[in-house]
Amino acid sequence: MLYEIHMLKNYPPTNLNRDENGAPKTCLFGGVNRGRISSQCLKRTWRTSPVFQQEIGGENLGIRTRKLPDLVGEKLLEMGVDAKYVELVVPKISGFGTKEGTENKKGSYTAQVIFFGPQDIQAAADAVKGILDQCKTEKEVKALKGKDLQAAVEGAKDRAVTLDIALFGRMVTSDAFRDVEASMQVAHALSTNKVAVESDYFTAMDDLLRGETADESGAAMIGDIDYNSSCYYIYASLDTDVLKENLKDAANADEIIAKAIPALLRTMAFTNPSGKQNSFAGHVLPGAVLVECKNTKIPTSMVNAFVDPVRGGGRDLLGNSIERLAQEVDCVARNYGLPVEKRIWFCVDKYDMAPRCEALVCKTFPELVDAVTETMC
């Protein structure tokens, strides 16, 4: 089944996802400048969220890092390998993740950042330990090659992956770890409104300066931060058949899958990107959420509801955006007749809007989560 999640979040002044100049990311849509949060930012926000960690359990989640050598080194010490041998072999593990297994001359970290699950780290440690057990001297350890250590890692095709890898995928140029096709697609979030990037000029005052003399007057520091205020449309789709295939080797696959969708919904609703939050505290909840459940897998974003930017007249920006989304749902249903097994809608009660087409309208967000969970039974 295909689950499509549509969400509207209205933010105050924030800088949630910065470009190379430190300004909030933007793009042109409908010929108009919009605020943008990259899909990479959203996915990392969700998978590292304490909400997601708590609901899924840290043991069912992986880590994306270049520090595999250190992680394997820690495992080797736990497995009783001589510390001198570990110190010598850790730099050689920096060749893992590449086709050639070439060691990194710049430091004990891999050439590319890779998603690893606990099983991947353990498999690498087992392979390295098996080779180290055959070494009788430090000279033999020094002679080992990274490509040979990597070649000893077995079982990549049958090794279980964690939920976050199963959701967001993994690509590696190494036979020691298998590629995983993402079961979840995430769009860049776009503002429903035309965006204007503004700048906050600030000063930092020295608490011990009293301004009584010229040397004690003025600011200790000045600077500026760019920001904008946007109502974002967020869209993601999850193919549960691909998710099941990705998790087929996990011992508790059914339990993890049962938790995945409600955990994702709560994480997407209750988590916001961390960019400049200490400066802006832009922590908001969604104004509206739509989930469509489809056996016919034709993913359909509702982003064209906002091709003409929403303005604040009438209700307000969020209310008008919710109305546009509801109208687009009706438009797609009316014009295309795409089969939807279940359409589940929630918006905050002060707006009291819903699509006119067939939909289960929930009064609260927890009610929506429960309704979506029931579709999995």
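Take the sequence shown: its letter number 187 is residue 375 in the working numbering, and every next letter is one higher. Every residue gets a Cβ at the ideal spot worked out from N, C-alpha and C, and that includes glycine.
Bounding residues of the beta strand (DSSP E) (the contiguous stretch that carries residue i)
i	result
residue 392	386 to 392
residue 273	Not the beta strand (DSSP E): residue 273 falls in the alpha helix (DSSP H), residues 271 to 277.
residue 192	190 to 198
Limits of the unbroken alpha helix (DSSP H) element including residue i
i	result
residue 575	With the chain covering 189 to 565 only, the question about residue 575 has no answer from this structure.
residue 449	441 to 458
residue 241	238 to 244
residue 335	334 to 339
residue 426	Not the alpha helix (DSSP H): residue 426 falls in the beta strand (DSSP E), residues 419 to 427.
residue 466	465 to 468
residue 504	Counting along the chain, residue 504 falls outside any alpha helix (DSSP H), and DSSP gives it neither H nor E.
residue 263	256 to 266
8 Å contact criterion, which residue i and residue j should meet: CB distance rounded
i	j	result
residue 571	residue 244	For the chain, the structure presents residues 189 to 565; residue 571 sits outside this window and is missing.
residue 313	residue 267	7 Å
residue 217	residue 378	6 Å
residue 476	residue 513	6 Å
residue 190	residue 427	6 Å
residue 418	residue 273	Between residue 273 and residue 418 the Cβ distance is about 54 Å, and since that is not below 8 Å, they are no contact.
residue 196	residue 506	7 Å
residue 421	residue 380	6 Å
residue 516	residue 492	7 Å
residue 455	residue 234	5 Å
residue 344	residue 363	6 Å
residue 277	residue 239	Not quite, the Cβ-Cβ distance comes to about 38 Å (not below 8 Å), so this is no contact.
residue 229	residue 209	Incorrect: roughly 16 Å between the Cβ atoms, too far for contact.
residue 280	residue 334	4 Å
residue 367	residue 437	About 14 Å; that fails the 8 Å criterion.
residue 227	residue 375	6 Å
residue 552	residue 481	Rounded, the Cβ-Cβ distance is 19 Å, inconsistent with contact.
residue 202	residue 464	7 Å
Proximity test, Cβ basis, 8 Å: residue i and chain B
i	result
residue 419	This model lacks chain B altogether; it includes just one protein chain.
Identity of the residues DSSP links to residue i by a beta bridge
i	result
residue 221	216
residue 409	392
residue 430	Answer is none; residue 430 lacks a bridge partner.
residue 479	193, 532
residue 202	416
residue 253	302
Residue i Cβ short of 7 Å to the ligand GTP heavy atom set
i	result
residue 433	By its list of ligands, the structure shown contains no ligand whatsoever, and the ligand GTP lies outside what it can speak to.
Runs of 4 residues minimum, wholly inside the region 521 to 565: which ones carry the alpha helix (DSSP H) assignment? 553 to 562
Tell me, please, whether the region 279 to 287 touches the region 240 to 258 by the rule of three or more beta-carbon pairs shorter than 8 Å. yes
Three or more beta-carbon pairs under 8 Å between the region 471 to 487 and the region 517 to 527, yes or no? yes
In chain order, what are the residue ranges of uninterrupted beta strand (DSSP E) at least 3 long that sit wholly in the region 300 to 388? 302 to 304, 372 to 374, 377 to 379
Three or more C-beta pairs under 8 Å: does that hold for the region 210 to 226 against the region 321 to 335? no
Inspect the CB distances between the region 407 to 418 and the region 508 to 527 and report whether three or more fall short of 8 Å. no
Does the region 440 to 457 come into contact with the region 373 to 393, if we say contact requires no fewer than three beta-carbon pairs (one atom in each stretch) closer than 8 Å? no
Mind the definition here: the region 344 to 360 touches the region 431 to 439 only if three or more C-beta pairs lie below 8 Å; say whether that holds. yes
How do the region 299 to 311 and the region 381 to 388 stand: do at least 3 beta-carbon pairs fall below 8 Å, yes or no? no
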